[in-house]
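Residue numbers (my numbering): 3 to 137. The beta carbon of each residue, even a glycine, is placed where N, CA and C say it ideally should be. All values reported here derive from a predicted model rather than from experimental measurement. Here's the structure, in structure tokens; my notes come after.
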């Protein structure tokens, strides 16, 4: 199984701060999409380690994969805000899965996620892990 991640790709490129500038984010997303299509075409299992905070974003990737005969499963890690912020605060910036965020930036992510659209089974296969998040 191959995992595709914005954080890992940014780290590989030598980027050590988040959030990414919009042009860099777009460049990385285009590369990850191309890799996703190539991996799926090669019959590889792929995990997209993305936030997928909006139904629209999830639909874009479902539509991208549909012509390849793939019906993606969404794994939703329902994590309370306080738990997630605590985990972010504990990061030490030592590797690609450990980007440190200031408390303000981390809180901004979650303020943005007040608009989070939890995935539903109507969108496609769904597994929910954890309790419902509190906003």
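Own chain residues within Cβ distance below 8 Å of residue i, not counting five before or after
i           : result
residue 103 : 20, 90, 93 and 111
residue 66  : 35, 38 and 39
Nonlocal neighbours in the same chain, by C-beta distance under 6 Å from residue i, ignoring five residues either side
i          : result
residue 13 : 98
residue 47 : 3
Distance CB(residue i)-CB(residue j) smaller than 9 Å
i          : j           : result
residue 1  : residue 45  : Here the chain covers residues 3 to 137 and nothing more, so residue 1 does not appear.
residue 9  : residue 101 : yes
residue 42 : residue 70  : yes
Spatially closest choice to residue i from the options, by CA coordinates
i          : options            : result
residue 87 : 95, 70, 71 and 105 : 105
- Item | Touch test, the stretch 121–134 against the stretch 67–78, Cβ-Cβ under 8 Å, three pairs minimum | yes
- Message: Please give the ranges of any alpha helix (DSSP H) in the stretch 37–85, keeping only runs that are unbroken, at least 4 residues long and fully inside the region.
- Response: 57–67
- On the three-pair Cβ rule with 8 Å, is the stretch 34–41 touching the stretch 80–89? no
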